[in-house]
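Q:
Here is the structure:
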């Protein structure tokens, strides 16, 4: 079998696992798949195209002969090993926040800015989950009528915080049905039957790191340095798929009818909007799907040229693993990676 | 015991039950309490100050000698019986949407516009839950610096849809822990582990009725006919207490420091905002409390004189039952009701 030597770093995590599934589903040309994780998971076996692959501990020799390495093991692991992978000759597609804002690192959502990928790209950053689904929707609109300002409030699923966070919601829900208590470990407070207006740590100025990521990454991807964007990121007791309530003001002519037409013909977007039948995207329906789903497209009568959208996407797939694999596919398409 | 003859209409519902508790807690001067509900609940006994009171079926004679009737049995029940109650000599405080937008009906949140109450007030409307907590916060800010525009996204608890909706979330969560299915009845789709961007029915123009209520009621209460407000109302799998992500633009000088000072000294508001310790209001903590809680007070750097707030309040209490009883207390204070 001809193909690439691919490494998945963080293979046992929620995103890593999804990366393996997506490489399979999309028949990505894999000759050898190497799975890496922390010592704790060493020896575990994961299935890929019917064979069992043993998870190895990540070390300095892990990237010999690797063509492309998909990293999703947290920023500190990326900071430690991405350069080693590059020096070993691999191209790194990194799902962590480690390199996203580095000026020489492309931050790529293929539908939006695959033009940033070129033969010099050795580390390519995958944007944050909540940013990806937002820019997929903003970009085609911004191309037709320039965006003046965005106000977004998110409803983010626990899977964005990894497998442990999924387990934590599970435990808390089971405890609650037995009127027992289950203390928070991965979240700052109980997540079951609650809303946490905090994702990641707080920064100077009062935004969380998640909110600042959304602002900075959106600006970088849309190549609009000072794009005004206000974000409030909230964790909700949903297992998977992030939802976003998005209010967008445009400099010139825009309305819901026009936005619907643009979104309908845009790549990677599915409009799901038939309010007469209570049809709109919801996290439980969108989980497992590839596109970014948009509904509740309506004029905001409070301001000229302003619309509201409800945007839902599978944060483990388009928000992370799928986007990373799509970047690898782009690299193949541009012959930056060659089989 | 001297006091008023009080009727609670819809006594067996989630809000009605809370009304009875709040009349007790606040030692509202009740001489006789009459509890009314639909035929289904006739004969049920509910406790008030240690005595059991039998729930009666509502009919045309229910309001004889009643001084004040608290209605929370849905708009159609209010439309049918509020005038009968008034003709019997009672003052009606109505928690339904039936009369809220009638020009001769005061729509009252006591901290905001108790000046609307006068001796001619025979029907007084209690605003919608999501509106009450919003205007309590907007009003003191608006008095210092006029509000130019508001963008709000809500995270609303199931209790806002009544006891049946609470039971539905319970059933769906239990079914899920057993990997069984439990179909939606009160909501258009599954609410457990999901977000529903629909509360109430859809209207011309694409807003839901809940969203339009928020726009229209806020304008009426703040006496600002064209106040620009965009609302996206979302149901989340939380049992009780609504959360709101609120972005507010002001015409003139405003910032987070100033807003914090104003909110700190305003009636009915508790500022809970210490991000260094991950302190902010959350629905599980605010349930059972009386005030409107505000946290995440921060400057929105995307626009001049603009701030973000996170506002949480118990929708059954301040959002409904407590506000209704506070209106009755105002009527007493103004001698419109007399013991």
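Chains as they are written, first to last, in this note's numbering: chain U, 1 to 339; chain X, 1 to 339.
Glycine is no exception: its CB is placed at the ideal position from the N, C-alpha and C atoms.
Taking all protein chains shown into account, decide if residue 296 of chain X is buried (16 or more other Cβ within 10 angstroms of its Cβ) or exposed.
A: By the neighbour-count rule (16 or more Cβ atoms within 10 Å), residue 296 of chain X is buried.
Q: Does the beta carbon of residue 219 of chain X come closer than 8 Å to any beta carbon on chain U?
A: No, residue 219 of chain X lies away from the interface with chain U (no Cβ there is under 8 Å from its Cβ).
Q: Could you work out which residue in X:223, X:92, X:113 is closest to residue 68 of chain X when comparing CA atoms only?
A: Checked all of X:223, X:92, X:113; the closest Cα to residue 68 of chain X is X:92.
Q: Please tell me whether residue 193 of chain U has its Cβ less than 8 Å away from any Cβ of chain X.
A: It does; some Cβ of chain X falls within 8 Å.
Q: Give a yes or no on whether the C-beta atoms belonging to residue 273 of chain U and residue 289 of chain U are separated by under 8 Å.
A: No, Cβ-Cβ distance for residue 273 of chain U and residue 289 of chain U is not below 8 Å.
Q: For residue 35 of chain X, count neighbouring C-beta atoms within 10 Å of its own C-beta (all shown protein chains included) and say buried if the count is 16 or more, exposed if not.
A: So residue 35 of chain X ends up on the buried side.
Q: Contact criterion: CB-CB distance below 8 Å. Does residue 12 of chain X meet it with respect to chain U?
A: Taking Cβ atoms only, chain U never reaches closer than 8 Å to residue 12 of chain X, which makes this a no.
Q: So is residue 278 of chain U in contact with chain X if we call contact Cβ pairs under 8 Å?
A: It does; some Cβ of chain X falls within 8 Å.
Q: For residue 338 of chain U, does the three-state DSSP call read helix, strand or coil?
A: In this structure, residue 338 of chain U counts as coil in the three-state DSSP scheme.
Q: List, in order along the chain, the chain A residues whose C-beta lies closer than 9 Å to that of residue 174 of chain X?
A: Chain labels in this structure do not include chain A; the protein chains are U and X.
Q: To the nearest whole angstrom, what separates the beta carbons of residue 198 of chain U and residue 184 of chain U, a pair I think is in contact under 8 Å?
A: The Cβ separation is near 12 Å, so there is no contact.
Q: Using a beta-carbon distance below 8 Å, is residue 298 of chain U in contact with chain X?
A: It does; some Cβ of chain X falls within 8 Å.
Q: Below 8 Å, can you find three or more Cβ-Cβ pairs linking the region 68-86 of chain U to the region 2-22 of chain U?
A: Short answer: they touch.
Q: Applying a beta-carbon distance threshold of less than 7 Å, which residues of chain X neighbour residue 275 of chain U?
A: 202, 206, listed in chain order.
Q: Which residues in chain U sit within 7 Å of residue 284 of chain X, going by Cβ to Cβ distance?
A: Those are 190, 193, 194, listed as they occur along chain U.
Q: Less than 8 Å between CB atoms is the rule here; does residue 160 of chain X satisfy it with respect to chain U?
A: Chain U, which has no Cβ nearer than 8 Å to the Cβ of residue 160 of chain X, makes this no.
Q: Run down chain U in chain order and give the residues with a C-beta less than 9 Å from the C-beta of residue 54 of chain X.
A: Within 9 Å Cβ-Cβ: nothing; residue 54 of chain X doesn't reach chain U, min ~31 Å.
Q: Nearest chain X C-beta to residue 234 of chain U closer than 8 Å, yes or no?
A: Chain X contact via Cβ: present.
Q: Quick one: what does DSSP say residue 160 of chain X is sitting in, helix, strand or coil?
A: In the structure shown, residue 160 of chain X sits in a helix (DSSP, three-state: H, G or I).
Q: Taking 8 Å as the CB-CB cut-off, is residue 308 of chain X touching chain U?
A: Closer than 8 Å to some Cβ of chain U, the Cβ of residue 308 of chain X qualifies, so yes.
Q: Does residue 68 of chain X come out as helix, strand or coil in the three-state DSSP assignment?
A: Strand, per DSSP.
Q: Compare the C-beta of residue 303 of chain X against all C-beta atoms of chain U and say whether one is closer than 8 Å.
A: Interface residue, yes.
Q: Can you find a CB in chain X that lies within less than 8 Å of the CB of residue 198 of chain U?
A: Output row for residue 198 of chain U: interface = yes.
Q: For my contact list, residue 311 of chain U and residue 134 of chain U are in at a C-beta cut-off of 8 Å; report their separation, rounded to the angstrom.
A: Indeed, because the Cβ distance is near 7 Å, the residues count as touching under 8 Å.
Q: Return no unless some Cβ of chain X is closer than 8 Å to the Cβ of residue 288 of chain U.
A: False, the Cβ-Cβ gap to chain X never drops below 8 Å.
Q: Assign residue 47 of chain U to one of two classes, buried (16 or more other C-beta atoms within 10 Å of its C-beta) or exposed (fewer than that).
A: Exposed, by the Cβ-count rule.
Q: Applying a beta-carbon distance threshold of less than 7 Å, which residues of chain U neighbour residue 149 of chain X?
A: Result: 302, 303.
Q: Here's the rule: buried if 16 or more other CB atoms are within 10 angstroms of the residue's CB, otherwise exposed. What is residue 251 of chain X?
A: With fewer than 16 Cβ atoms within 10 Å of its Cβ, residue 251 of chain X is classed as exposed.
Q: Are the region 138-158 of chain U and the region 232-242 of chain U in contact at 8 Å, needing three or more beta carbon pairs?
A: Because the criterion of three Cβ pairs below 8 Å is met, the region 138-158 of chain U and the region 232-242 of chain U touch.
Q: In angstroms, rounded to a whole number, what distance separates the CA positions of residue 2 of chain X and residue 149 of chain X?
A: Roughly 48 Å between the two C-alpha positions.
Q: Quick check: the region 209-224 of chain X against the region 274-294 of chain X, are at least 3 beta-carbon pairs closer than 8 Å?
A: At 8 Å Cβ cutoff, the stretches do not touch.
Q: Should residue 349 of chain X be flagged as near chain U, meaning a C-beta pair shorter than 8 Å?
A: What the structure shows of chain X is the stretch from 1 to 339, and residue 349 of chain X is not part of that stretch, so it cannot be assessed.
Q: For a cutoff of 8 Å on Cβ pairs, would you count residue 224 of chain X as touching chain U?
A: Not an interface residue.
Q: Considering only their Cβ atoms, is the gap separating residue 138 of chain U from residue 147 of chain U smaller than 8 Å?
A: Yes, the Cβ-Cβ distance between residue 147 of chain U and residue 138 of chain U is below 8 Å.
Q: So if DSSP puts residue 123 of chain U in a beta bridge, which residue, or which two residues, is it bridged to?
A: Note: residue 123 of chain U sits in a beta bridge opposite U:92.
Q: Starting from residue 24 of chain U, trace the alpha helix (DSSP H) both ways and give me its first and last residue.
A: Here the alpha helix (DSSP H) through residue 24 of chain U covers 14-25.
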